[in-house]
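Here the structure is laid out as structure tokens; the discussion comes afterwards.
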Amino acid sequence: APSSPEAQAIIDKISGYDWYHTIQLPHGVATPGYVDHREQLPFYNLPKDMTGMRVLDVATFDGFWAFEFERRGAELVAIDLASTIDIDTPRNWRDVADEKGVKLAKGEGFRIASEILGSKVRKEVCSVYDVNPDRFGMFDMVFCSDLLIHLRDPLHAMESIWTVTRDRAIFADVYHPDLEAFKDNALVEFCQAGQTDVWWRPSTTCYKLWLHLARFARVEEQSRFVLESNFRSEIPKVVFHAYR
């Protein structure tokens, strides 16, 4: 990053936190995240001008997508869990975590980045399972990325998102390339063997079926690509636009 006093002040603020998202900040500074979406934005086929749009960012984490949509002019609500104890893990893991006192608060990265950016994004503590129009109203667009494979019940999440979608929802998640040869079958690999926070690796056909079961009337695949990240293995992603 540039060595100006302003840049150094931002670097001091973002230091000491383990960033998941790479977020562009003022004065040429960017957070050192595991995942960098900046150069891969075209794969999502997002509206360039989102002025006047009301958008929900599901599982916002450090807030990359919420801040990007805000930069494009949208009014944002971003949701995430309060702590790691609330993550959708097997119930016996929660018992162990309770016994050991493992409970890490979530949202520190979002708070830091929001303050630096002067963001007006409204952050709410909420599970995707609890999203409903009585609490949040309706949204022109709902965005859900890199979440479904971590959920015990991804179809339930899609159903909840459908209830608040006025126009379309964008789902971007990991798919299983080895299952793509079976295009006529909605296949999914069950991954939860006690050593991972990933429940499923679905085929793209499975994602489409789930979205139709969640009552989305039209589903359009936008792209497939390998996520730009610092993880050791390649992460193949697919992007769908699902219309109410």
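Okay, so the sequence shown: first residue is 5 according to the working numbering, each after it adds one. Built from N, CA and C at the ideal position, the CB exists for glycine as well.
| query | result |
| --- | --- |
| Whether Ile174 touches Val81 by CB criterion (8 Å) | no |
| Inter-residue spacing [alpha-carbon to alpha-carbon] between Lys124 and Ser118 | 8 Å |
| CB of Met162 within 8 Å of CB of Ala218, strictly | yes |
| The region 179–188 contacting the region 202–215, beta-carbon criterion three pairs below 8 Å | yes |
| Residue-chain proximity (Trp203, chain C), Cβ-Cβ < 8 Å | Absent from the structure is chain C; it holds one protein chain and no more. |
| For Val59, the residue or residues it bridges with in DSSP | Leu80 and Met145 |
| Exposure of Pro158, with buried meaning 16 or more beta-carbon neighbours within 10 Å | buried |
| In DSSP terms, what Ala246 is bridged to | Ala173 and Val223 |
| Local conformation of Val132 per DSSP, three classes | helix |
| C-beta contact flag for Val202 and Ser164 at 8 Å | no |
| Residues near Leu60 in its chain [Cβ-Cβ closer than 6 Å; skip 5 each side] | Val81, Phe143 and Val146 |
| For Ala63 and Cys195, believed in contact at Cβ under 8 Å, the rounded distance | The Cβ separation is near 18 Å, so there is no contact. |
| Pro240, DSSP secondary structure in three states | strand |
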